[in-house]
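Below: one structure, written as structure tokens.
The structure is reproduced here in structure tokens:
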């Protein structure tokens with residue numbers, strides 16, 4: 127083993143431990159702010175793995191998008207809501223925990239058998255490294271032109287939709303008495319809620 | 221890659237219909253920005269005109285010599301043209317029913333139309349997408365616009381709840397689907413085009429390895445969510461109940477059609493190696509959907525929920541055509557989709573009209589409708605009876621064709637389940653019809669006794685009336701005069717090389733193995749793993 131390979135191995139071990147550790151922290155800690163910051167840690171360590179794989183562009187995109195945009199947005203969300211509610215433990219909550227754990231372990235076992243049991247077709251081409259940006263650009267304007275352009279329509283619509291959801295509508299604030307009270311609501315009246323005891327006519331779902 | 225004459229290699233004319241939809245979308249968006257609220261007078265008509273133009277462009281592309289465009293990203297074969305046509309038609313039919321509905325709820329119409337056209341666009345691209353990236357971007361375009369449409373009535377908690385549920389379940393299923401696609405990318409050694417992936421599977425020549433099975437399962441989870449097949453249906457009733465009704469109409473036809481287009485193309489093109497396994501999974505999904513959809517629909521009290529469960533059941537019937545995989549199977553499925561478009565949208569138009577006049581969608585409130593509004597009663601009865609499959613109407617012929625194709629291919633169990641469950645379905649459809657035509661005035665519900673005078677000259681009701689009449693006429697006549705639709709469905713299958721190759725491949729082993737036994741090896745081969 128050469129020195130470079132040794133450094134790679136150690137770095138991989140470190141980054142993998144970081145990813146797993148921070149991800150466990152996201153799930154297990156009860157304080158949501160800690161979870162959000164640890165999520166940033168997960169994204170950062172994954173981008174470290176990308177660097178190790180010689181994919182500098184993907185690493186940069188990962189940091190810019192996930193840490194810079196998604197994670198900051200999550201933190202803003204937490205900050206703006208700013209509601210601390212006492213969390214009452216659910217009765218027999220441990221059944222749920224055990225069931226979730228069992229499903230996750232089963233999935234993990236299935237996927238790892240699959241990954242280990244498959245003969246993966248490895249690419250023989252040498253990684254382009256820093257030339258990746260140019261190559262990705264070439265793909266965007268040749269064989270991935272259609273999805274690239276379609277994504278622009280998708281983003282336009284997401285923008286319009288976000289504005290619709292966030293904008294202030296001109297609905298009077300005081301409790302209205304006339305037909306305006308139905309503004310921005312479904313024309314159908316809500317169902318009368320049946321008391322839980324005699325709910326026989328509803329679907330079993 | 222030669223960049224100098226890239227434009228000539230793209231063959232971009234194939235996506236002319238989609239281009240027209242994008243242009244209409246921009247016209248409506250910018251026109252609404254400039255004209256403000258006054259634009260509600262013309263935007264729906266501009267939308268319908270643009271979408272109709274897209275249909276015309278689709279007709280001109282029928283049997284095109286070079287269907288592959290954008291260097292293999294998009295396949296404009298006849299199969300995709302039929303599916304794109306159905307999606308655009310469902311969008312055209314949704315516009316007139318939304319005009320009055322949106323106005324009465326006080327929201328703005330132009331944005332609604334823009335988001336619906338984006339959803340249409342995503343569905344159209346999904347029907348023809350030929351590589352993994354295009355499939356995913358198109359699927360997300362369709363899904364994200366559907367979430368936005370679902371939550372459009374933002375002051376209503378039911379709409380918010382529906383949107384949030386749809387978003388969360390949809391995002392989870394997208395993630396699973398994406399994981400399946402990344403497995404496909406890895407297993408094929410970095411291929412993106414669907415046919416290249418399947419070629420690399422065949423070249424690897426391993427007998428259905430576990431990797432492909434896991435990828436298949438994940439991909440099916442994503443598809444089954446879109447077509448609302450049991451057990452991936454949990455979102456359907458709640459989302460259908462809480463969304464604005466025109467959105468429900470579009471979701472139940474347009475979005476479902478796009479899901480079926482994706483299912484056919486992805487499964488047939490990528491997974492011929494594990495063909496027995498996916499047929500087995502879809503058999504199970506079809507039986508579960510037919511049984512659960514029809515049985516749970518019996519207990520519903522709300523019309524929208526009833527139609528939600530009925531649409532789950534209809535997806536089960538459609539899957540029979542997909543499972544048998546013969547030429548008649550695929551064309552019966554397309555034929556049924558075309559008929560389903562008319563009868564389901566007609567039914568939703570009636571439900572919208574009723575809820576606009578009375579403000580409710582409870583089934584019990586429909587009692588005695590016949591005495592106040594005979595036209596609405598007649599239209600709703602025809603659409604519901606057609607959905608149930610009563611003989612002279614279109615739905616009967618659609619079901620007949622699907623069951624015939626299934627019986628021919630030897631899927632006796634599926635056809636029997638289909639027959640029994642459609643008898644069950646007739647019961648709950650007829651229950652509504654019976655409710656509407658009760659004779660005694662004292663059985664009339666409160667909503668009916670306060671029924672407003674029938675007026676069609678209110679703004680937005682005239683287009684609704686026209687579309688209602690058109691849908692009902694199509695539903696009643698499409699069965700008897702079904703030959704054009706029938707030929708269309710048959711030609712679209714027989715002119716599509718992808719399906720022809722799959723049909724030939726399926727018939728080759730059938731000469732050796734009797735068709736009834738094809739499911740049994742699939743069961744054992746799954747059980748062995």
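Protein chains in written order, with my numbering: chain A, 127 to 331; chain B, 221 to 749. Every residue gets a Cβ at the ideal spot worked out from N, C-alpha and C, and that includes glycine. Here the structure is a predicted model, which means the values were calculated and not measured.
At a cut-off of 9 Å between C-beta atoms, residue 375(B) counts as an interface residue with respect to chain A. Residue 348(B) is a Cβ neighbour of residue 234(B), given a cutoff of 9 Å. Around residue 676(B), the same chain offers 682, 685 as residues with beta carbons nearer than 7 Å, after the five sequence neighbours per side are excluded. It is roughly 19 Å from the alpha-carbon of residue 268(A) to the alpha-carbon of residue 236(B). Chain A has no Cβ within less than 9 Å of the Cβ of residue 259(B). Nearest Cα to residue 482(B) within the set 445(B), 452(B), 469(B): 445(B).
DSSP places residue 582(B) within a strand segment (E or B) once states are collapsed to three. The three-state secondary structure of residue 288(B), taken from DSSP, is strand. Look at the beta carbons and you see the stretch 272-287 of chain B not touching the stretch 527-538 of chain B: under three pairs across the two are nearer than 8 Å.
Across the structure, residue 338(B) and residue 561(B) are spaced so that their CA atoms are roughly 19 Å apart. Interface flag for residue 648(B) against chain A is unset, since no Cβ pair is found closer than 9 Å.
In this structure the stretch 129-147 of chain A touches the stretch 165-173 of chain A; the number of beta carbon pairs closer than 8 Å is three or more. Residues 616, 646 of the same chain have their beta carbon placed closer than 8 Å to that of residue 610(B), with the five preceding and five following residues left out of the count. Between the C-alpha atoms of residue 180(A) and residue 134(A) there is a straight-line separation of about 11 Å.
Taking a Cβ-Cβ threshold of 9 Å, the residues of chain A close to residue 335(B) are 283, 286, 287, 290, in chain order. In chain A, no part has a C-beta under 9 Å from the C-beta of residue 425(B); the shortest such distance is about 11 Å.
Using a 10 angstroms sphere on the CB of residue 700(B), the tally of other CB atoms stays under 16, which defines it as exposed. Within the model, the alpha-carbon separation for residue 282(A) versus residue 357(B) is close to 14 Å.
Here residue 383(B) is not near residue 400(B), since their CB atoms are 9 Å or more apart. Judged by DSSP secondary structure, residue 189(A) falls outside any alpha helix (DSSP H); it is assigned neither H nor E. For residue 253(A), the closest Cβ of chain B is not nearer than 9 Å.
DSSP assignment within the stretch 235-319 of chain A yields the following whole alpha helix (DSSP H) runs of 4 residues or more, N-terminal first: 258-266, 271-292.
Of the residues 259(A), 182(A), 156(A), the one whose Cα lies closest to the Cα of residue 214(A) is 156(A). By the criterion of a C-beta distance shorter than 7 Å, residue 240(B) is surrounded in its chain by 270, 273, 274, 277, once the five residues flanking it on both sides are discounted.
Within the DSSP secondary-structure output, residue 351(B) pairs in a beta bridge with 413(B). Around residue 277(A), the beta-carbon contacts reaching into chain B at under 9 Å are 357, 360, 361. Residue 598(B) is a Cβ neighbour of residue 692(B), given a cutoff of 9 Å. Closer than 9 Å to the CB of residue 325(B) there is at least one CB belonging to chain A.
Following the DSSP letters along the chain, one finds residue 442(B) inside the alpha helix (DSSP H) bounded by residues 430-447. Rounded to whole angstroms, residue 316(B) and residue 423(B) show a C-alpha spacing of 52 Å.
Along the stretch 508-568 of chain B, the alpha helix (DSSP H) occurs as fully enclosed runs of 4 or more residues at 523-544, listed in sequence order. The beta carbon of residue 286(B) does not come within 9 Å of any beta carbon belonging to chain A, so the residue lies off that interface.
Here residue 289(B) really is in contact with residue 231(B); their C-beta atoms are around 4 Å apart, less than 8 Å. With respect to chain A, the C-beta atom of residue 371(B) has a partner C-beta closer than 9 Å. Residues of the same chain with a CB within less than 8 Å of the CB of residue 367(B), apart from the 5 flanking positions on each side, are 383, 386, 387, 390 in chain order. In terms of Cβ geometry, residue 718(B) and residue 297(B) form a close pair [threshold 9 Å].
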